[in-house]
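Chains A and B are the protein sequences, given in the same order. Each residue of the first sequence is one higher than the one before, starting from 13 at the first, in this note's numbering. Each residue of the second sequence is one higher than the one before, starting from 180 at the first, in this note's numbering. Take a look at the structure below.
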Amino acid sequence: MSVIDLVPYEEALASYDPVMGLEVHVELGTKTKMFCGCATVPGAEPNSQVCPTCLGLPGSLPVVNAIGVESAIRIGLALNCEIAEWCRFARKNYFYPDMPKNFQTSQYDEPIAFNGYLDVELEDGEVFRVEIERAHMEEDTGKSTHVGGATGRIHGAEYSLLDYNRAGIPLIEIVTKPIVGAGDRAPEVARAYVAELRELIRALGVSEARMDMGQMRCDVNLSLMPKGADKFGTRSETKNVNSLRSVERAARFEIQRHAAVLNEGGKIVQETRHFHEDNGTTTSGRIKEEAEDYRYFPEPDLVPVAPAREWVEQLRGELPELPRLRRQRLQSEWGISAVEMQSALNAGAIDLILATIDAGAPADQARKWWLGELARRANEDGVELAELPITPAQVARVSALVAEGKLTDKLARQVIEGVLAGEGEPDEVVAKRGLAVVSDDSALGDAIDAALAAQPDVADKIRSGKFAAAGALVGAVMKATRGQADAARVKELIFEKLGVTPE
Amino acid sequence: MADLIRCTAAETAAAIASGEVSAVEVAQAHLDRINAVDEKVHAFLHVDTDGALAAARSVDARRAAGEELGPLAGVPLALKDVFTTKGVPTTAGSKMLEGWRPPYDATLTRRLKEAGVVILGKTNMDEFAMGSSTENSAYGPTGNPWDLSRIPGGSGGGSAAALAAYEAPLAIGTDTGGSIRQPGAVTGTVGVKPTYGSVSRYGLIAFSSSLDQGGPCARTVLDAALLHEAIAGHDPMDSTSIDAPVPAVVAAARQADVKGMRVGVVKEFGGEGYQAGVMQRFHESVELLRSLGAEIVEISCPSFTYALPAYYLIAPSECSSNLARFDAMRYGLRVGDNGARSAEEVTALTREAGFGPEVKRRIMLGTYALSSGYYDAYYGSAQKVRTLITRDFDRAFGDVDVLISPTTPTTAFPIGERADDPMAMYLADLCTIPSNLAGNAAMSVPCGLAPEDNLPVGLQIIAPALADDRLYRVGAAVEAALNDKWGHPLLEEAPAL
Numbered sequence: 013m014s015v016i017d018l019v020p021y022e023e024a025l026a027s028y029d030p031v032m033g034l035e036v037h038v039e040l041g042t043k044t045k046m047f048c049g050c051a052t053v054p055g056a057e058p059n060s061q062v063c064p065t066c067l068g069l070p071g072s073l074p075v076v077n078a079i080g081v082e083s084a085i086r087i088g089l090a091l092n093c094e095i096a097e098w099c100r101f102a103r104k105n106y107f108y109p110d111m112p113k114n115f116q117t118s119q120y121d122e123p124i125a126f127n128g129y130l131d132v133e134l135e136d137g138e139v140f141r142v143e144i145e146r147a148h149m150e151e152d153t154g155k156s157t158h159v160g161g162a163t164g165r166i167h168g169a170e171y172s173l174l175d176y177n178r179a180g181i182p183l184i185e186i187v188t189k190p191i192v193g194a195g196d197r198a199p200e201v202a203r204a205y206v207a208e209l210r211e212l213i214r215a216l217g218v219s220e221a222r223m224d225m226g227q228m229r230c231d232v233n234l235s236l237m238p239k240g241a242d243k244f245g246t247r248s249e250t251k252n253v254n255s256l257r258s259v260e261r262a263a264r265f266e267i268q269r270h271a272a273v274l275n276e277g278g279k280i281v282q283e284t285r286h287f288h289e290d291n292g293t294t295t296s297g298r299i300k301e302e303a304e305d306y307r308y309f310p311e312p313d314l315v316p317v318a319p320a321r322e323w324v325e326q327l328r329g330e331l332p333e334l335p336r337l338r339r340q341r342l343q344s345e346w347g348i349s350a351v352e353m354q355s356a357l358n359a360g361a362i363d364l365i366l367a368t369i370d371a372g373a374p375a376d377q378a379r380k381w382w383l384g385e386l387a388r389r390a391n392e393d394g395v396e397l398a399e400l401p402i403t404p405a406q407v408a409r410v411s412a413l414v415a416e417g418k419l420t421d422k423l424a425r426q427v428i429e430g431v432l433a434g435e436g437e438p439d440e441v442v443a444k445r446g447l448a449v450v451s452d453d454s455a456l457g458d459a460i461d462a463a464l465a466a467q468p469d470v471a472d473k474i475r476s477g478k479f480a481a482a483g484a485l486v487g488a489v490m491k492a493t494r495g496q497a498d499a500a501r502v503k504e505l506i507f508e509k510l511g512v513t514p515e
Numbered sequence: 180m181a182d183l184i185r186c187t188a189a190e191t192a193a194a195i196a197s198g199e200v201s202a203v204e205v206a207q208a209h210l211d212r213i214n215a216v217d218e219k220v221h222a223f224l225h226v227d228t229d230g231a232l233a234a235a236r237s238v239d240a241r242r243a244a245g246e247e248l249g250p251l252a253g254v255p256l257a258l259k260d261v262f263t264t265k266g267v268p269t270t271a272g273s274k275m276l277e278g279w280r281p282p283y284d285a286t287l288t289r290r291l292k293e294a295g296v297v298i299l300g301k302t303n304m305d306e307f308a309m310g311s312s313t314e315n316s317a318y319g320p321t322g323n324p325w326d327l328s329r330i331p332g333g334s335g336g337g338s339a340a341a342l343a344a345y346e347a348p349l350a351i352g353t354d355t356g357g358s359i360r361q362p363g364a365v366t367g368t369v370g371v372k373p374t375y376g377s378v379s380r381y382g383l384i385a386f387s388s389s390l391d392q393g394g395p396c397a398r399t400v401l402d403a404a405l406l407h408e409a410i411a412g413h414d415p416m417d418s419t420s421i422d423a424p425v426p427a428v429v430a431a432a433r434q435a436d437v438k439g440m441r442v443g444v445v446k447e448f449g450g451e452g453y454q455a456g457v458m459q460r461f462h463e464s465v466e467l468l469r470s471l472g473a474e475i476v477e478i479s480c481p482s483f484t485y486a487l488p489a490y491y492l493i494a495p496s497e498c499s500s501n502l503a504r505f506d507a508m509r510y511g512l513r514v515g516d517n518g519a520r521s522a523e524e525v526t527a528l529t530r531e532a533g534f535g536p537e538v539k540r541r542i543m544l545g546t547y548a549l550s551s552g553y554y555d556a557y558y559g560s561a562q563k564v565r566t567l568i569t570r571d572f573d574r575a576f577g578d579v580d581v582l583i584s585p586t587t588p589t590t591a592f593p594i595g596e597r598a599d600d601p602m603a604m605y606l607a608d609l610c611t612i613p614s615n616l617a618g619n620a621a622m623s624v625p626c627g628l629a630p631e632d633n634l635p636v637g638l639q640i641i642a643p644a645l646a647d648d649r650l651y652r653v654g655a656a657v658e659a660a661l662n663d664k665w666g667h668p669l670l671e672e673a674p675a676l
């Protein structure tokens with residue numbers, strides 16, 4: 013199946029209904045691993061955060077991280093799930109070099125949370141309910157780096173490096189029920205779901221849920237059924253789709269690919285697929301000839317988890333305001349449209365805007381800077397907004413300088429550029445770059461005198477009541493002061509010097 | 180102190196505490212004994228001479244400094260090679276771990292060290308504790324000191340043989356289906372499987388996690404009790420460890436009194452397949468207990484009939500998963516890594532070469548039993564049987580204080596006799612397995628020699644979970660009465676090595 017055979021998207025949707033299942037893995041931000049006391053600091057020296065347990069040394073045993081369980085319950089509650097009164101861990105048995113025990117400690121038929129839903133809002137404000145099958149606890153594997161070979165995958169590699177720092181990091185796997193009825197909006201629903209889930213996870217404070225850092229990873233399962241049918245088709249599983257945009261593109265591509273195969277009378281092979289960020293396509297991974305047999309059985313090294321009802325209710329009572337409701341509130345507080353709110357969400361700007369407001373900036377200014385200049389910079393640099401080396405407090409300070417008339421918008425952009433370039437606090441950048449608005453009358457006086465002397469004819473026009481002609485003089489002054497003058501003040505001073513009072 | 184190697188642990192500890200003998204002298208005497216006889220017995224896989232002498236010197240120094248020493252300080256011990264020992268080779272009887280020096284101590288190892296116990300070395304065992312004869316060790320069999328051509332039981336044959344050969348007064352075993360009690364029975368020594376969860380499994384190389392339990396081995400019931408108290412107790416590193424006080428087993432061993440106790444004889448253990456001399460000594464033990472003031476009741480535990488098949492589904496299932504980690508990636512054996520083969524091929528070649536036939540058999544059995552489509556019929560049914568067996572025990576213990584049976588149907592069989600007949604080998608654990616499935620406590624104590632072969636017979640005593648003290652009361656009473664009758668401990672009848 014090559015790319016050129018794809019069926020146009022609209023055509024595919026005219027004949028088929030897509031059915032999606034989304035599996036999202038969230039790495040919890042706990043200080044220690046799920047089953048041992050090892051640290052979880054990102055970016056540490058490979059294999060420096062390991063112990064007998066997470067290396068799977070003979071004789072070692074797991075002990076459950078209580079914060080991991082608490083986080084799982086809070087996620088479950090926020091997803092409107094039921095919380096199990098009693099559940100066990102299970103071993104998922106399969107061999108892979110980066111999995112120390114060659115089984116993953118996970119949960120099987122007794123997940124900690126099940127039967128929930130998440131309401132997600134689409135671009136136009138329509139709300140779509142995504143049903144949640146389950147959320148369960150498990151541990152991450154180590155990380156393999158396959159060196160040599162063309163694909164960066166294990167096959168064809170010359171050798172592989174194994175880092176077990178990630179082995180045992182707590183994961184919550186959140187699985188949706190089949191998402192049906194989204195029609196041509198399926199890819200958008202997929203994206204909106206993952207975005208909403210990410211907001212939710214962040215609001216709970218259980219993970220930063222950075223997709224680019226693998227803290228949140230999405231598998232997109234997709235199948236098509238002919239319009240009007242009620243029996244699901246064979247699905248493909250596109251693994252590790254790691255940005256919101258990619259989730260949408262992967263779903264879209266698979267719809268087109270499936271339609272092409274089915275239109276030709278072909279059969280969809282049940283397989284895993286790899287998504288390629290560069291061209292938005294997927295290619296075949298591992299074919300699942302028969303359902304993989306993980307030989308699940310209850311983990312005998314761990315005792316069952318039986319969260320007390322009182323505790324669960326306490327956690328429910330302590331849940332933060334959920335993101336969609338908070339956005340509704342903020343939208344009305346800020347007086348903006350649903351679309352504007354959606355773009356703030358998509359940019360990952362809501363918390364930054366809020367923090368900037370908290371630091372003293374007016375809401376419209378905070379939104380303007382984060383969604384304008386800073387969003388543009390983040391986009392150019394290919395980083396998340398939050399990753400820009402500027403703080404909400406610094407943005408608030410820039411905004412205050414503008415409000416005080418000490419900076420023009422144009423100068424403010426230069427100050428922000430300086431802060432981003434590491435030149436220090438906004439005030440330091442203003443001082444170092446000499447960016448302060450020149451509104452000091454004596455400093456402006458010379459420039460105005462020079463302009464009047466250079467253009468006596470313009471001065472005459474103004475004296476005769478043609479006040480609009482002042483623009484030429486203001487321009488000359490701005491030029492002479494390299495744009496740092498306060499244009500409004502310059503105009504006032506010109507009129508003052510010429511002894512006129514414009515209406 | 181005429182013969183240091185023949186003293187009990189309690190006597191040795193007292194002699195060291197009083198200064199009559201130094202811990203170093205005691206350790207050296209045992210190291211000399213090992214040097215003299217272990218070539219024949221092959222109880223040890225590794226003798227840690229330097230470590231033992233250093234530990235002994237430290238005990239002597241602490242005593243010299245006026246420190247109060249624990250009840251086992253300076254007493255030598257033989258440690259089953261299934262517990263990790265930091266920096267000291269630990270193989271679990273497998274080629275897979277040849278040369279591996281663990282970077283950490285098992286909790287049990289740490290507790291022994293803290294108690295001042297002198298670890299002489301690591302003892303032979305069936306590979307990954309799978310077996311009943313120690314013939315499955317990748318490093319060759321161990322001889323039974325009563326008759327070196329016979330098996331010392333298994334999987335902890337090395338620990339039991341070390342006791343019977345006077346190479347150590349104390350030893351540690353692990354009991355998954357009888358691996359402490361059956362070797363105890365066939366070597367004329369005492370072996371205890373404590374309540375599941377009372378001795379930490381952290382650092383115990385897992386065979387079957389829900390069944391494995393470390394426990395004490397000794398030549399006397401009191402010594403076993405002293406060791407029991409040193410190793411038992413809650414461990415936060417083991418989630419299945421019970422957070423409850425350790426029963427007062429030492430006091431119970433000293434009490435040694437069965438007057439008024441109700442003792443149940445398990446009806447299902449006996450009859451066809453049981454050696455006549457074993458049953459004879461068992462019946463004499465029943466009469467002995469009656470004469471000591473116990474009330475004897477016959478108890479039926481019908482589900483015990485299914486214990487063996489249930490065990491041979493549960494234990495292999497868990498082991499198939501527990502042993503998956505031996506993949507040549509991080510430690511232990513690596514075979515066929517020629518720079519061209521894939522990781523998967525190297526893992527397969529290593530497992531092919533590193534595991535012995537019994538281990539492979541159980542991994543395959545377990546893999547099959549857990550397979551989709553078979554899980555309910557095999558693993559699922561076995562778990563149900565496990566529940567039924569637990570209920571049989573609960574019903575029995577509603578009526579009696581302890582249950583008794585022969586520990587094993589026969590005395591020690593000749594090395595090689597059952598090596599090619601797994602089913603015959605599995606029958607050696609017929610009477611011991613129910614306690615592992617139920618997680619309760621059980622002991623084997625010597626009760627005489629079978630007349631037909633003059634080999635030791637063990638009496639099994641079973642108590643409810645967390646009532647381990649009852650084992651020691653009954654065991655010590657039987658031991659005292661029999662020693663009285665014979666005029667000496669049974670082991671003294673063993674031929675000189």
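Ideal placement from N, C-alpha and C gives every residue a C-beta, glycine not left out. In this text, all values refer to a predicted model and were calculated from it rather than measured experimentally.
>> Once DSSP output is grouped into helix, strand and coil, what is the label at GLY332 of chain B?
In response: Within the second sequence, the letter at position 153 stands for residue 332 of chain B. Reduced to three states, the DSSP call for GLY332 of chain B is coil.
> Of the residues that make up the region 494-509 of chain B, which ones have a beta carbon closer than 7 Å to any beta carbon in chain A?
Replying inline: Residues passing the 7 Å Cβ filter: SER496, GLU497, SER500, ALA503, ARG504, ASP506, MET508, ARG509.
> Cβ of ASN291 of chain A less than 9 Å from any chain B Cβ?
Replying inline: Taking the first residue of the first sequence as 1, we reach residue 291 of chain A at position 279. It does not: the Cβ of ASN291 of chain A has no partner Cβ on chain B nearer than 9 Å.
>> Quick check: what's the CA-CA separation for PRO30 of chain A versus ARG264 of chain A?
In response: Numbered from its first residue, the first sequence carries residue 30 of chain A at position 18. Numbered from its first residue, the first sequence carries residue 264 of chain A at position 252. Cα to Cα, the separation comes out at about 10 Å.
>> Excluding the 5 residues flanking GLY297 of chain A on each side, which residues of the same chain have their C-beta closer than 8 Å to its C-beta?
In response: The residue given as residue 297 of chain A occupies position 285 in the first sequence. Excluding sequence neighbours, GLY297 of chain A sits near LYS251, GLU283, THR284, ARG285, HIS286.
> Do we get a CB-CB distance below 9 Å when we pair GLU152 of chain A with the residues of chain B?
Replying inline: As a position in the first sequence, residue 152 of chain A is number 140, starting the count at 1. Position check: residue 152 of chain A holds Asp in this sequence, whereas Glu was assumed. No, ASP152 of chain A lies away from the interface with chain B (no Cβ there is under 9 Å from its Cβ).
>> Between the alpha carbons of MET180 of chain B and ALA189 of chain B, how many angstroms are there, rounded?
In response: Position 1 of the second sequence, counted from the first residue, corresponds to residue 180 of chain B. Position 10 of the second sequence, counted from the first residue, corresponds to residue 189 of chain B. Here MET180 of chain B scores only 49 on pLDDT, less than 50, and its place in the model should not be relied on; the value that follows carries that caveat. Whole-angstrom Cα-Cα distance: 13 Å.
> So which residues on chain A does ASP417 of chain B lean against when the C-beta distance must stay under 9 Å?
Replying inline: As a first step, residue 417 of chain B must be located in the second sequence, where it is residue number 238. Within chain A, the residues near ASP417 of chain B are LEU73, VAL75, ASP313.
> Around the C-beta of PRO332 of chain A, are 16 or more other C-beta atoms found within 10 angstroms, so that it is buried, or is it exposed?
Replying inline: Taking the first residue of the first sequence as 1, we reach residue 332 of chain A at position 320. Counting Cβ neighbours within 10 Å, PRO332 of chain A comes out exposed, since fewer than 16 surround it.
> For ASP434 of chain B, which of B:LEU401, B:PRO415, B:GLY412 has the nearest alpha-carbon?
Replying inline: To locate residue 434 of chain B, count along the second sequence from 1; it is residue 255. In the sequence as displayed, the identity of residue 434 of chain B is Gln instead of Asp. Of B:LEU401, B:PRO415, B:GLY412, the residue nearest in Cα terms is B:LEU401.
>> Check this for me: beta carbons of THR587 of chain B and ASP608 of chain B, under 9 Å apart or not?
In response: Taking the first residue of the second sequence as 1, we reach residue 587 of chain B at position 408. Taking the first residue of the second sequence as 1, we reach residue 608 of chain B at position 429. A contact, by the Cβ cut-off of 9 Å.
> Interface residues of chain B around ASP305 of chain A at Cβ under 8 Å?
Replying inline: The sequence position of residue 305 of chain A within the first sequence is 293, counting from 1. Result: SER550, SER551.
>> Does the contact criterion of 3 or more C-beta pairs under 8 Å hold for the region 369-383 of chain B versus the region 509-519 of chain B?
In response: In short, these stretches do not touch, since the Cβ pair count stays below three.
> Is the CB of LEU634 of chain B under 9 Å away from at least one CB in chain A?
Replying inline: Translated into positions along the second sequence, residue 634 of chain B becomes position 455. It does not; no Cβ of chain A falls within 9 Å.
> Since PHE140 of chain A meets chain B, which of its residues come closer than 8 Å, beta carbon to beta carbon?
Replying inline: Residue numbering aside, residue 140 of chain A sits at position 128 when the first sequence is read from its first letter. Those do not exist, as PHE140 of chain A stays about 35 Å from chain B at its closest Cβ, beyond 8 Å.
>> Using a Cβ-Cβ distance cut-off of 9 Å, determine whether ILE384 of chain B contacts chain A.
In response: As a working mapping, residue 384 of chain B is identified with position 205 in the second sequence. Among the residues facing chain A, ILE384 of chain B is included, as its CB has a counterpart in that chain under 9 Å away.
> How about THR366 of chain B and ASN323 of chain B: do their beta carbons lie closer than 9 Å?
Replying inline: Position 187 of the second sequence, counted from the first residue, corresponds to residue 366 of chain B. Position 144 of the second sequence, counted from the first residue, corresponds to residue 323 of chain B. Yes, these two residues count as a Cβ contact at 9 Å.
> How would you list, in chain order, the residues of chain A whose beta-carbon sits under 9 Å from the beta-carbon of PRO133 of chain B?
Replying inline: Residue coverage of chain B in this structure runs from 180 to 676, which leaves residue 133 of chain B outside it and unanswerable.
> Is the region 305-314 of chain A in contact with the region 52-64 of chain A, if contact means three or more CB pairs nearer than 8 Å?
Replying inline: The region 305-314 of chain A, when compared against the region 52-64 of chain A, does not touch it at the 8 Å Cβ threshold.
>> I'd like the list of long-range same chain contacts for ALA378 of chain A, defined as Cβ closer than 6 Å, with 5 residues on each side in sequence excluded.
In response: For the purposes of this step, residue 378 of chain A is taken as residue 366 along the first sequence, with counting starting at 1. Taken in chain order, the residues that qualify are ILE365, THR368, ILE369.
> Is there a Cβ from chain B that is less than 9 Å from the Cβ of PRO109 of chain A?
Replying inline: Numbered from its first residue, the first sequence carries residue 109 of chain A at position 97. So, interface residue.
> Taking Cβ positions, are HIS148 of chain A and ALA84 of chain A nearer each other than 9 Å?
Replying inline: Walking along the first sequence from the start, residue 148 of chain A turns up at place 136. Walking along the first sequence from the start, residue 84 of chain A turns up at place 72. Yes, these two residues count as a Cβ contact at 9 Å.
> For the putative contact between LEU234 of chain A and MET111 of chain A, defined by C-beta atoms under 8 Å, what is the C-beta separation to the nearest angstrom?
Replying inline: The residue labelled residue 234 of chain A in the question sits at position 222 within the first sequence. The residue labelled residue 111 of chain A in the question sits at position 99 within the first sequence. The pair is not a contact, with the Cβ atoms about 27 Å apart (cut-off 8 Å).
> Can you name, in chain order, every residue of its own chain whose Cβ lies under 7 Å from the Cβ of VAL15 of chain A, other than the five neighbours on each side?
Replying inline: Here residue 15 of chain A refers to the residue found at position 3 when the first sequence is read from its first residue. Here the model assigns VAL15 of chain A a pLDDT of 47, short of 50, so the residue's position is not dependable, and the following value carries that caveat. Taken in chain order, the residues that qualify are THR293.
> With distances taken between CB atoms, is the gap from ALA339 of chain B to ALA350 of chain B smaller than 9 Å?
Replying inline: As a working mapping, residue 339 of chain B is identified with position 160 in the second sequence. As a working mapping, residue 350 of chain B is identified with position 171 in the second sequence. A contact, by the Cβ cut-off of 9 Å.
> Under the three-state reduction of DSSP, which class applies to ASP231 of chain A: helix, strand or coil?
Replying inline: For the purposes of this step, residue 231 of chain A is identified with residue 219 of the first sequence, where counting begins at 1. Correct three-state label for ASP231 of chain A: strand.
> Closer than 9 Å, Cβ to any Cβ of chain A: which residues of the region 374-399 of chain B, in chain order?
Replying inline: SER379, ARG380, TYR381, GLY382, LEU383, ILE384, ALA385, SER387, SER388, SER389, LEU390
>> Quick check on TYR558 of chain B - is its C-beta less than 9 Å from some C-beta in chain A?
In response: The sequence position of residue 558 of chain B within the second sequence is 379, counting from 1. Closer than 9 Å to some Cβ of chain A, the Cβ of TYR558 of chain B qualifies, so yes.
> Of the residues A:VAL38, A:SER172, A:ASN127, A:GLY128, which one's Cα is nearest the Cα of SER521 of chain B?
Replying inline: Numbered from its first residue, the second sequence carries residue 521 of chain B at position 342. The residue among A:VAL38, A:SER172, A:ASN127, A:GLY128 with its C-alpha nearest the C-alpha of SER521 of chain B is A:SER172.
> Thinking just about the alpha-carbon of each residue, which of A:GLU145, A:ARG203, A:CYS66, A:HIS270 is nearest to the one in CYS50 of chain A?
Replying inline: The residue labelled residue 50 of chain A in the question sits at position 38 within the first sequence. When A:GLU145, A:ARG203, A:CYS66, A:HIS270 are compared, the shortest CA-CA separation from CYS50 of chain A is found for A:CYS66.
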